[in-house]
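Chains as they are written, first to last, in our numbering: chain A, 1 to 144; chain B, 145 to 288; chain C, 289 to 432. Okay, so here's the structure we're looking at.
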């Protein structure tokens, strides 16, 4: 059995989705796990992780627009507003999505569907340095 | 340690929830894992997985109605609409729920609560063939 | 490899968020896992688990207010209402958040971000006894 873990840092340029698929696949390759699972975890409460359609960028544009309506920046009901109008909205957007993704590993790769990409979703309007932890657990190639 | 993995395919008849609890429990039994965890992952971005009350079907009817209001099919703000009015809505419904469920395994079974069922949620109005990957990791019976 | 599992019970005083971070960290310590992952799973469909900002309580107050607007108790469209106006709302709130959290374990502890706390979210207005299962899988200290 292999237990592999590595930190992954991504510098965002503010609100938006950032494709991490290649980076995660690289770490899964490095882990030498053949069959098992990979968990990506973001150590923040104002950024999240999603699996999203990876072919047509208009999907992610619509996603941004939809969430901007669902959770209004600077909603006058918010009492937590010391860090700006996007702060409480960012916490809510994170909770409505998720901080961690658990993905199957098969044949030494993330077994995603053809149209699935792994995205870090920055919910703050300013750029941030986002820390993630990638953990891969499973059976190695030589153990098969 | 056991690492078990198998594909699971479900043919949906269009939008709605499909009970997978018995199938998942069967795969957990086949894995021979006694204590550990089971991850179910759906390889699509327009279908998702949920744990839902399993006794009264009106819960799932209310759930459909609620999500149809929350994410309107054919919303005029959507720019991604080449595949029909339900396509972008399906992506949003998937992101608001989840693509993977991680369930505890105890005594060789999924340790669900009495009223919890595992459902595949098809968000497209047409029928689809949905592929999932079930991964079970843990200690086998003979290793206790 | 270690596979550790233990039940965790929390008596809630009704709707609200309950900090479980210290309890989960205690169980991770007890597991003796050094590097791996910890899954917390709630065996109910009207309570959920979230990672939330842990410094300013106004975040959780705003979260309650936001969800009370997003999913209205006693919505006249609900047909599932035998257990009271908060029952169907509780199911929807659970599905919009999540029943399980998978957290990385590093150096024998949950590798949370500085501002992340683990909360059980009771969605019913009455107090309830909530059962969770904590599973920790990974490499033990002596195996490094």
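Cβ atoms here follow ideal geometry from the backbone N, Cα and C, with glycine treated the same way.
Where residue i meets chain A, residues with beta-carbon distance less than 7 Å
| i | result |
| --- | --- |
| residue 243/B | 51 |
| residue 353/C | 77 |
| residue 164/B | Within chain A, no residue comes near residue 164/B; the closest Cβ sits about 16 Å away, beyond 7 Å. |
Pairwise C-alpha distance: residue j and residue i
| i | j | result |
| --- | --- | --- |
| residue 151/B | residue 75/A | 44 Å |
| residue 394/C | residue 103/A | 19 Å |
| residue 417/C | residue 408/C | 12 Å |
| residue 45/A | residue 158/B | 35 Å |
| residue 244/B | residue 192/B | 8 Å |
| residue 352/C | residue 41/A | 24 Å |
| residue 169/B | residue 313/C | 29 Å |
| residue 373/C | residue 385/C | 19 Å |
| residue 195/B | residue 262/B | 5 Å |
| residue 290/C | residue 400/C | 21 Å |
| residue 381/C | residue 323/C | 32 Å |
| residue 220/A | residue 367/C | Residue 220/A lies beyond the range of chain A shown here (1 to 144); nothing can be said about it. |
| residue 310/C | residue 171/B | 34 Å |
| residue 127/B | residue 39/A | Given a span of 145 to 288 for chain B in the structure shown, any question on residue 127/B remains unanswerable. |
| residue 53/A | residue 286/B | 42 Å |
| residue 214/B | residue 284/B | 44 Å |
| residue 72/A | residue 66/A | 10 Å |
| residue 277/C | residue 33/A | No answer is possible for residue 277/C: the residues shown for chain C start at 289 and end at 432. |
| residue 331/C | residue 187/B | 25 Å |
| residue 153/B | residue 10/A | 35 Å |
| residue 136/A | residue 280/B | 14 Å |
| residue 62/A | residue 350/C | 26 Å |
| residue 114/A | residue 258/B | 36 Å |
Of the listed residues the options, nearest to residue i (C-alpha basis)
| i | options | result |
| --- | --- | --- |
| residue 134/A | 31/A, 12/A, 11/A | 31/A |
| residue 81/A | 348/C, 339/C, 338/C | 348/C |
| residue 122/A | 17/A, 37/A, 79/A | 17/A |
| residue 173/B | 153/B, 149/B, 192/B | 149/B |
| residue 344/C | 404/C, 400/C, 312/C, 309/C | 404/C |
| residue 419/C | 289/C, 386/C, 358/C, 300/C | 300/C |
| residue 212/B | 234/B, 182/B, 165/B, 228/B | 234/B |
| residue 282/B | 381/C, 371/C, 325/C | 325/C |
| residue 414/C | 367/C, 371/C, 350/C | 371/C |
| residue 20/A | 143/A, 124/A, 140/A, 110/A | 110/A |
| residue 170/A | 346/C, 359/C, 297/C | Coverage of chain A is limited to positions 1 through 144, which leaves residue 170/A absent and any answer about it impossible. |
| residue 375/C | 424/C, 350/C, 412/C | 412/C |
Beta-carbon neighbours of residue i, restricted to chain A and to distances below 8 Å
| i | result |
| --- | --- |
| residue 185/B | 102, 103, 104, 111 |
| residue 154/B | The premise fails here: residue 154/B is roughly 14 Å from chain A at the closest Cβ pair, so nothing lies under 8 Å. |
One or two residues paired with residue i in a DSSP bridge
| i | result |
| --- | --- |
| residue 100/A | 41/A |
| residue 122/A | 16/A, 47/A |
| residue 24/A | Residue 24/A is not bridged to any residue. |
| residue 323/C | 427/C |
| residue 146/B | 282/B |
Residue i, DSSP secondary structure in three states
| i | result |
| --- | --- |
| residue 276/B | strand |
| residue 152/B | strand |
| residue 405/C | strand |
| residue 87/A | helix |
| residue 394/C | strand |
| residue 341/C | strand |
| residue 358/C | helix |
| residue 65/A | helix |
| residue 202/B | helix |
| residue 225/B | coil |
| residue 256/B | coil |
Listed by chain order, chain B residues near residue i by CB distance under 7 Å
| i | result |
| --- | --- |
| residue 61/A | 223 |
| residue 139/A | 147 |
Under 9 Å by beta carbon: chain C residues contacting residue i
| i | result |
| --- | --- |
| residue 179/B | 291, 292, 293, 423 |
| residue 240/B | 383, 384 |
| residue 125/A | Here the premise fails: no neighbours, minimum Cβ distance about 17 Å. |
Interface partners of residue i on chain C, CB under 7 Å
| i | result |
| --- | --- |
| residue 200/B | 368 |
Partner residues on chain A for residue i, Cβ-Cβ distance less than 9 Å
| i | result |
| --- | --- |
| residue 418/C | Chain A residues near residue 418/C: none, gap ~18 Å exceeds 9 Å. |
Beta-carbon neighbours of residue i, restricted to chain C and to distances below 8 Å
| i | result |
| --- | --- |
| residue 120/A | None at all; the shortest Cβ gap to chain C is about 14 Å. |
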